[in-house]
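Have a look at the structure below before the remarks.
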Amino acid sequence: MRVHIIVTGRVQGVGFRYFTAGHARTLGLTGLARNLPHGQVEIIAEGDRAPLEALIAAVRRGPPGAVVRDVRVDWDDAPAQPAPAREFVIR
7 MRVHIIVTGR VQGVGFRYFT AGHARTLGLT GLARNLPHGQ VEIIAEGDRA
57 PLEALIAAVR RGPPGAVVRD VRVDWDDAPA QPAPAREFVI R
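This is the structure:
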(Lines of atoms letter the chains of each structure in order from A and count residues from 1; the text may use other names and numbers.)
(Lines give C-alpha, C1' and ligand atoms only; values in the text may rest on other atoms or scores of the structure.)
Protein backbone atom coordinates (compact mmCIF):
# COMPACT_ATOMS: atom_id res chain seq x y z
CA MET A 1 0.00 0.00 0.00
CA ARG A 2 1.01 3.60 -0.47
CA VAL A 3 0.06 6.59 1.63
CA HIS A 4 0.50 10.25 0.72
CA ILE A 5 0.58 12.61 3.72
CA ILE A 6 0.65 16.41 3.87
CA VAL A 7 1.45 17.82 7.32
CA THR A 8 0.64 21.45 8.13
CA GLY A 9 1.76 23.51 11.11
CA ARG A 10 5.18 24.36 12.48
CA VAL A 11 6.82 21.39 10.78
CA GLN A 12 9.84 22.89 9.03
CA GLY A 13 13.05 23.67 10.89
CA VAL A 14 12.20 21.35 13.78
CA GLY A 15 13.61 18.02 12.51
CA PHE A 16 10.24 16.78 11.26
CA ARG A 17 11.61 15.03 8.16
CA TYR A 18 14.32 13.28 10.20
CA PHE A 19 11.76 12.27 12.84
CA THR A 20 9.54 10.84 10.09
CA ALA A 21 12.40 9.02 8.37
CA GLY A 22 13.53 7.44 11.63
CA HIS A 23 10.05 6.08 12.33
CA ALA A 24 9.56 4.93 8.73
CA ARG A 25 12.88 3.07 8.66
CA THR A 26 12.15 1.40 12.00
CA LEU A 27 8.79 0.29 10.61
CA GLY A 28 10.38 -1.10 7.43
CA LEU A 29 8.72 1.40 5.11
CA THR A 30 10.08 2.92 1.91
CA GLY A 31 9.41 6.39 0.58
CA LEU A 32 10.37 10.00 1.17
CA ALA A 33 9.80 13.08 3.26
CA ARG A 34 10.35 16.58 1.88
CA ASN A 35 9.56 20.19 2.66
CA LEU A 36 7.02 21.96 0.48
CA PRO A 37 7.27 25.65 -0.47
CA HIS A 38 4.38 26.79 1.75
CA GLY A 39 5.78 25.40 5.01
CA GLN A 40 4.23 21.94 4.84
CA VAL A 41 5.93 18.55 4.87
CA GLU A 42 5.01 15.94 2.27
CA ILE A 43 5.45 12.25 3.04
CA ILE A 44 5.03 9.37 0.60
CA ALA A 45 5.42 5.95 2.16
CA GLU A 46 4.90 2.36 1.05
CA GLY A 47 4.54 -0.86 2.97
CA ASP A 48 1.96 -2.90 4.83
CA ARG A 49 -1.07 -1.14 6.27
CA ALA A 50 -0.28 -1.60 9.98
CA PRO A 51 3.19 0.01 9.78
CA LEU A 52 1.77 2.81 7.63
CA GLU A 53 -0.90 3.48 10.26
CA ALA A 54 1.82 3.54 12.94
CA LEU A 55 3.73 6.12 10.87
CA ILE A 56 0.60 8.26 10.54
CA ALA A 57 0.10 8.13 14.31
CA ALA A 58 3.71 9.25 14.87
CA VAL A 59 3.38 12.06 12.32
CA ARG A 60 0.24 13.33 14.08
CA ARG A 61 2.34 13.77 17.26
CA GLY A 62 5.51 15.03 15.56
CA PRO A 63 8.89 15.63 17.18
CA PRO A 64 9.50 17.97 20.12
CA GLY A 65 9.31 21.54 18.86
CA ALA A 66 6.80 20.78 16.12
CA VAL A 67 3.21 21.95 16.19
CA VAL A 68 1.06 19.75 13.95
CA ARG A 69 -2.15 21.54 12.97
CA ASP A 70 -3.41 19.28 10.20
CA VAL A 71 -2.54 15.92 8.65
CA ARG A 72 -4.10 15.04 5.29
CA VAL A 73 -3.85 11.34 4.44
CA ASP A 74 -4.61 9.77 1.06
CA TRP A 75 -4.39 5.98 0.66
CA ASP A 76 -3.65 4.14 -2.57
CA ASP A 77 -4.07 0.35 -2.64
CA ALA A 78 -2.36 -0.15 -5.98
CA PRO A 79 0.25 2.48 -6.79
CA ALA A 80 0.25 3.37 -10.48
CA GLN A 81 3.79 4.73 -10.23
CA PRO A 82 6.94 2.94 -9.14
CA ALA A 83 7.91 3.18 -5.48
CA PRO A 84 9.49 6.54 -4.65
CA ALA A 85 12.61 4.84 -3.26
CA ARG A 86 14.01 1.50 -2.16
CA GLU A 87 14.50 2.96 1.29
CA PHE A 88 13.07 5.91 3.15
CA VAL A 89 14.87 9.10 2.12
CA ILE A 90 14.83 12.77 3.03
CA ARG A 91 14.72 15.31 0.24
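Heads up, the sequence shown is in my numbering, so the first residue is 7 and it goes up one at a time. All C-beta atoms in this analysis are idealised placements derived from N, C-alpha and C, irrespective of residue type, glycine included.
Contacting residues, own chain, Cβ-Cβ under 8 Å from A27 (five flanking each side not counted): A39, F94, V95, I96
V9 and A51: beta carbons closer than 8 Å? yes
Distance, Cα to Cα, A41 vs R16? A small fix is needed here, since residue 41 is Asn in this sequence, not Ala. Roughly 12 Å between the two C-alpha positions.
Strand pairing of F94, partner residues [DSSP]: G37
Look at the Cβ atom of V74, then the Cβ atom of I11, and state whether they are nearer than 8 Å. no
State the DSSP-derived secondary structure class of H10, mapped to helix, strand or coil. Correct three-state label for H10: strand.
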